[in-house]
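Just so you know, my numbering puts the end of the sequence shown at 429, numbered straight through with nothing missing.
Where is the CB? At the ideal position from N, CA and C, for every residue including glycine.
Since we're looking at a predicted model, the values are computed, not measured.
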Amino acid sequence: MQNLDIDMDLQEFRGILGEALAEGGSQRLLRLTDEEIAVLDPDSLTDCVAPTPRLGRLSEQERAWAYATALRSLVSREAVEIGNIDELDALLRTADADPETAGQPSGVDVDMRIAPEVSLALTLRRSADRALAVEQHTSGGVAHTLVYAHSADLLLVERITAGGLHMFSLASSAADAAEVVRLFVDPFEVADQDGRPQQLTSEQIAAQNVGRPLNEAINGALVVGQLVVLADAPGPLLTTYATGEAVWTVYVEKPQAASGITARAVGTNTLRKMITQLILPS
148 MQNLDIDMDL QEFRGILGEA LAEGGSQRLL RLTDEEIAVL DPDSLTDCVA PTPRLGRLSE
208 QERAWAYATA LRSLVSREAV EIGNIDELDA LLRTADADPE TAGQPSGVDV DMRIAPEVSL
268 ALTLRRSADR ALAVEQHTSG GVAHTLVYAH SADLLLVERI TAGGLHMFSL ASSAADAAEV
328 VRLFVDPFEV ADQDGRPQQL TSEQIAAQNV GRPLNEAING ALVVGQLVVL ADAPGPLLTT
388 YATGEAVWTV YVEKPQAASG ITARAVGTNT LRKMITQLIL PS
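Below, the structure is given as structure tokens:
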């Protein structure tokens with residue numbers, strides 16, 4: 148089966164972008180699973196920073212079955228249009244009969260065209276020069292959010308569950324995307340008020356000599372967020388600790404630097420501003 152060419156001129160999709168971003172805020176675009184992304188854009192499994200958590204838990208044979216099922220799902224949802232449906236049906240019947248060859252080249256050149264909104268999401272996640280990668284650690288596992296910044300008024304937000312469901316939305320500003328991330332790292336909305344900044348060194352952090360309030364926040368955190376800027380130049384790092392009562396942040400100005408580390412309790416507005424600055428510096 149051939150790889151699909153998802154490169155596109157974004158100007159072709161002005162209508163989609165205009166409709167999705169007209170009202171401001173973050174507007175839902177579509178949802179895809181790990182397996183569906185692997186079928187639509189297999190190169191992205193190695194080229195993109197977004198994880199595919201479910202695929203990592205499957206054997207090769209299980210993946211083959213999952214890819215065949217994903218292709219069926221994409222066709223039934225009209226996420227892809229098939230020009231030679233009979234050849235595709237024969238390919239899927241072969242996968243059913245011999246799971247060891249499912250998803251492998253079979254001489255059938257399937258004529259597929261991706262729906263515009265799917266192509267848009269896959270293109271935006273591949274072509275951003277700057278992204279914010281966020282990990283959310285809870286007792287239930289690890290989830291991810293990525294914000295791909297293309298301009299001040301075009302950002303793609305990709306939320307990834309621990310089960311491998313990718314939820315894409317478009318945001319018309321860094322502040323709108325930051326609000327999605329804020330709720331991701333503070334899902335119980337306990338950020339209350341700003342505390343006094345506390346300067347730390349890497350040695351203090353390594354020795355866990357960070358003072359009682361921050362130490363209690365670290366040990367009592369229900370949600371830990373790790374935010375990393377992905378760009379040509381190494382960006383700052385931000386770690387959040389959400390307890391049942393407050394949110395603390397530890398901001399690292401430059402990775403591996405001995406200084407430039409600030410810890411503080413934060414309120415909602417400050418947390419949102421810090422995330423916005425990470426997404427697109429003013």
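Any contact of the region 204-219 with the region 298-308, i.e. 3+ C-beta pairs under 8 Å? When Cβ pairs closer than 8 Å are counted between the two stretches, the region 204-219 is seen not to touch the region 298-308, the count staying below three.
So the candidates are F315, L293, T199; which of them puts its Cα closest to the Cα of G372? As a first step, residue 372 must be located in the sequence shown, where it is residue number 225. Here the closest residue by C-alpha is L293.
Figure out for me which residue from S316, Q355, A309, E350 has the closest Cα to the Cα of L202. Position 55 of the sequence shown, counting from 1, holds the residue named residue 202. Residue A309 is the option with its Cα nearest to L202.
Going along the chain, which residues of its own chain have a beta-carbon closer than 7 Å to the beta-carbon of T417, five neighbours each way excluded? On the sequence shown, residue 417 is found 270 positions in, with the first residue counted as 1. Excluding residues within five positions, the ones whose Cβ falls inside 7 Å are D341.
Going by beta-carbon coordinates alone, are I426 and R329 separated by less than 8 Å? Here the question's residue 426 lines up with position 279 in the sequence shown. Here the question's residue 329 lines up with position 182 in the sequence shown. With respect to R329, I426 sits apart: the two C-beta atoms are not nearer than 8 Å.
V265 - containing alpha helix (DSSP H), residue span: As a first step, residue 265 must be located in the sequence shown, where it is residue number 118. Counting along the chain, the unbroken alpha helix (DSSP H) around V265 starts and ends at 263-274.
When the Cα atoms are used, what is the spatial distance from V179 to G358? Start at 1 with the first residue of the sequence shown, and residue 179 comes out as number 32. Start at 1 with the first residue of the sequence shown, and residue 358 comes out as number 211. Residue 179 is actually Leu in this sequence, not Val. Inter-residue distance for L179 and G358 is about 44 Å (C-alpha atoms, whole angstroms).
Is there contact between the region 387-405 and the region 330-340, where contact requires at least three CB pairs shorter than 8 Å? Contact check between the region 387-405 and the region 330-340: three or more CB pairs, one atom from each, fall below 8 Å, which counts as touching.
Starting from the C-beta of A249, find all residues in its chain whose C-beta is less than 7 Å away, skip the five residues before and the five after it, and write them out in chain order. Against the sequence shown, residue 249 aligns to sequence position 102. Since pLDDT at A249 reaches only 47, below the 50 mark, its modelled position is unreliable, and no value is offered.
Backbone CA spacing between T415 and N362 [nearest angstrom]: Here residue 415 refers to the residue found at position 268 when the sequence shown is read from its first residue. Here residue 362 refers to the residue found at position 215 when the sequence shown is read from its first residue. Approximately 21 Å between the Cα atoms of the pair.
Under the three-state DSSP convention, the category R175 falls into: Residue mapping note: residue 175 aligns to position 28 of the sequence shown, counting from 1. DSSP, reduced to helix, strand and coil, places R175 within a strand of the structure shown.
Where does S266 land, buried or exposed, given buried means 16+ other C-beta within 10 angstroms? Your numbering for residue 266 matches position 119 in the sequence shown. When all chains shown are included, S266 counts as buried.
Quick one: give me the first and last residue of the alpha helix (DSSP H) that A185 is part of. Taking the sequence shown and counting its residues from 1, one reaches residue 185 at position 38. Run containing A185: 181-187, per the alpha helix (DSSP H) assignment.
Can you give me the Cβ contacts of R306 inside the same chain, cut-off strictly under 6 Å, excluding the 5 residues immediately before and after it? As a position in the sequence shown, residue 306 is number 159, starting the count at 1. Non-local beta-carbon contacts of R306 in its own chain, meaning distances under 6 Å to residues more than five positions away in sequence, involve T292, M314 in chain order.
Throw me the rounded Cβ distance for the L384 and V399 pair, which I believe falls under 8 Å. As a working note, residue 384 is residue 237 in the sequence shown. As a working note, residue 399 is residue 252 in the sequence shown. About 4 Å; that satisfies the 8 Å criterion.
Specify the secondary structure class of Q125 as computed by DSSP and reduced to three states. The structure shown does not extend to residue 125, since the chain spans only 148 to 429, so no value can be given for it.
Taking the alpha-carbon positions, what's the V375 to A280 distance? The residue you call residue 375 lines up with position 228 of the sequence shown. The residue you call residue 280 lines up with position 133 of the sequence shown. Approximately 5 Å, taken between the alpha carbons.
Check this for me: beta carbons of T199 and G311, under 8 Å apart or not? Sequence index remark: in the sequence shown, residue 199 carries index 52 (1-based). Sequence index remark: in the sequence shown, residue 311 carries index 164 (1-based). Yes, the pair counts as a contact, with Cβ atoms nearer than the cut-off.
Please determine, among I408, A321, T396, S319, the residue with the shortest C-alpha to C-alpha distance to T348. Here residue 348 refers to the residue found at position 201 when the sequence shown is read from its first residue. When each option's Cα is compared against that of T348, the closest is I408.
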